[in-house]
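Protein chains in written order, with numbering that gives the first Met the number 0: chain A, 0 to 74; chain B, 0 to 275.
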Amino acid sequence: MTADAAKLIATALSIAVGAIGPGIGIGMIGAKAVEALGRNPEAESAIRTTMILAIAFAEAVAIYALVVSLIIKFT
Amino acid sequence: MSEFKEITNTSNSISEKQIEIESPTKEHKSGFPEISIKAEPIFHLGNFKVTNSLFTAVIVLIVFFLLAFKYSKEVALKKKSGFFYFFNMIIKSIYDIFYSVLKEKTEYFFPLLGAYFLFVLFNNWFGLLPGVGSIMIKIVEHGKELTVPLLRGNNADLNTTLVLGLVSVTSIQYFGVKYLGFGTYIKKFLDFSNPINFFVGILEIVSEISKVLSFSFRLFGNIFAGEVLLTIVAFLIPVAASFPFLLLEIFVGLVQALVFSMLSAVFISMAVTKHH
């Protein structure tokens, strides 16, 4: 395996593996938010704000993986 | 790898030529857009390198200042313009969002948090304007002639977001000390009452440091990834395909500004309330 090939595989793997956890997490957050909305429709704005914040937290992990893969790719 | 490059070269000869005009950079000849993870210096002020993202930040700051100046002048006027009411509406809605977290302390913290929100938002959206990243200039560095973009989205530079994160976390510590007193606040980190509390204190110190990292990497990663996405989509399908992604980026810019300022608000409210 040449250095270039290893670099490409590392780029792809870092974002591919790194996106699994956040994907599951965001799905669970969305599901629970919809559940809460069904139980308590008046609290929509509070639920939405909290959900967006929680999604941003979960998404940050995927973004770390993306930054790592971008660093591998472009340096 | 080289074969692949040659194939794209022949098939994309027209678009390749266009990109050649824009960025005849260094050893890259494949026509693939040049993406740099760090901001390039565009000119020097004495010993100080002025990078393209710093240059953009200065422009954004001037726009920010002018808007704030116009707003503050119209507060005193009797007959206000539509501009004033538009901004009032935006500021009021941000205020309401912060009010849900900070309650009666919102009035004191709002200038700082609102400035975070508006500064990050303006920077994110300024990076999406046409011309940012595509106007190229030639510079000479170490005897080599390079072509670099004149403007670069400010939050797509790790230095800016690191500074924002440091300012935010430092202000959180400052407000904690101010509201609780030095002795009470420092007890969160150095607690000798029993071994468990001591190790919890160490974890608290680590979590304060990791706040800086997570603030800066979250903002940088989102905005830089958006720029890379837009560049690559515009390279693959030159016509109209980047429009939905542009809308997505506008949304991401808003959400990231909201997340940055909301997280600061949540951490501040955690730091200024007494535990136990």
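All C-beta atoms in this analysis are idealised placements derived from N, C-alpha and C, irrespective of residue type, glycine included. Please read all numbers here as calculations on a predicted model, not as lab measurements.
Using the Cβ count rule (16 or more neighbours within 10 Å means buried), how would you classify residue i?
i	result
residue 173 (chain B)	exposed
residue 55 (chain B)	buried
residue 50 (chain B)	buried
residue 58 (chain A)	buried
residue 283 (chain B)	It is not possible to answer for residue 283 (chain B), since the shown part of chain B is limited to 0 through 275.
residue 215 (chain B)	buried
residue 45 (chain B)	exposed
residue 3 (chain A)	exposed
residue 74 (chain A)	exposed
residue 30 (chain A)	exposed
residue 66 (chain A)	buried
residue 261 (chain B)	buried
residue 42 (chain A)	exposed
residue 26 (chain B)	Bear in mind that a pLDDT of 47 at residue 26 (chain B), under 50, signals an unreliable position, so the number given afterwards is only what the model happens to contain. The residue in question, residue 26 (chain B), is exposed, as its Cβ has fewer than 16 Cβ neighbours within 10 Å.
residue 248 (chain B)	buried
residue 14 (chain A)	buried
residue 46 (chain A)	buried
residue 93 (chain B)	buried
residue 223 (chain B)	buried
Tell me the DSSP secondary structure of residue i in three-state form.
i	result
residue 285 (chain B)	Beyond the ends of chain B as shown, which are 0 and 275, falls residue 285 (chain B); an answer cannot be given.
residue 55 (chain A)	helix
residue 48 (chain B)	strand
residue 183 (chain B)	helix
residue 220 (chain B)	helix
residue 99 (chain A)	As displayed, chain A neither begins before 0 nor continues past 74, which places residue 99 (chain A) out of reach and without an answer.
residue 41 (chain A)	helix
residue 170 (chain B)	helix
residue 210 (chain B)	helix
residue 132 (chain B)	coil
residue 72 (chain B)	helix
residue 200 (chain B)	helix
residue 58 (chain B)	helix
residue 205 (chain B)	helix
residue 78 (chain B)	coil
residue 26 (chain A)	helix
residue 34 (chain A)	helix
residue 226 (chain B)	helix
residue 68 (chain A)	helix
Mind listing the chain B neighbours of residue i? Cutoff is C-beta to C-beta under 7 Å, in chain order.
i	result
residue 12 (chain A)	Simply none; closest approach about 17 Å.
residue 33 (chain A)	Those do not exist, as residue 33 (chain A) stays about 19 Å from chain B at its closest Cβ, beyond 7 Å.
residue 52 (chain A)	258 and 261
Just to make sure I have the definition right: I need the residues of chain A whose C-beta is within less than 7 Å of the C-beta of residue i. Which are they?
i	result
residue 126 (chain B)	Under the 7 Å cutoff, chain A gives no residues; its nearest Cβ is about 16 Å from residue 126 (chain B).
residue 221 (chain B)	62
residue 213 (chain B)	59
residue 227 (chain B)	69
Kindly indicate the opening and closing residues of the beta strand (DSSP E) around residue i.
i	result
residue 148 (chain B)	143-148
residue 139 (chain B)	135-140
Taking 7 Å as the limit between beta carbons, can you name the residues of its chain near residue i, skipping five residues before and five after?
i	result
residue 184 (chain B)	175 and 176
residue 48 (chain B)	40
residue 197 (chain B)	190 and 191
residue 72 (chain A)	10
residue 232 (chain B)	240, 241 and 244
residue 111 (chain B)	170
residue 69 (chain A)	none
residue 221 (chain B)	251 and 255
residue 54 (chain A)	25 and 28
residue 90 (chain B)	113
Where does the unbroken alpha helix (DSSP H) through residue i begin, and where does it stop?
i	result
residue 3 (chain A)	2-17
residue 192 (chain B)	No alpha helix (DSSP H) holds residue 192 (chain B); DSSP gives it neither H nor E.
residue 120 (chain B)	105-125
residue 280 (chain B)	Because chain B spans 0 through 275 in this model, residue 280 (chain B) falls outside it and cannot be assessed.
residue 243 (chain B)	241-271
Which residues in the same chain have their Cβ closer than 8 Å to the Cβ of residue i, if we skip the five residues on either side of it in sequence?
i	result
residue 132 (chain B)	126, 148, 150, 151, 152, 226 and 230
residue 63 (chain B)	117, 118 and 121
residue 285 (chain B)	Past the boundaries of the shown model lies residue 285 (chain B); chain B is included only from 0 to 275, so the question cannot be answered.
residue 250 (chain B)	none
residue 16 (chain A)	64
How would you list, in chain order, the residues of chain A whose beta-carbon sits under 8 Å from the beta-carbon of residue i?
i	result
residue 35 (chain B)	73
residue 96 (chain B)	48
With a threshold of 6 Å on Cβ separation, who are the neighbours of residue i within its own chain once the five nearest residues in sequence on each side are excluded?
i	result
residue 164 (chain B)	211, 214 and 215
residue 200 (chain B)	188, 189 and 190
residue 32 (chain B)	230 and 234
residue 219 (chain B)	157 and 160
residue 12 (chain A)	none
residue 24 (chain A)	57
What in chain A is Cβ-close to residue i, meaning under 9 Å?
i	result
residue 217 (chain B)	55, 56, 58, 59, 62 and 63
residue 224 (chain B)	62, 65, 66 and 69
Cβ closer than 9 Å: which chain B residues qualify as neighbours of residue i?
i	result
residue 45 (chain A)	99
(request) Below 8 Å between beta carbons is the criterion; list the residues of the stretch 242-263 of chain B that meet it against any residue of chain E, in chain order. (result) Note that chain E does not occur in the displayed structure, where the protein chains are A and B.
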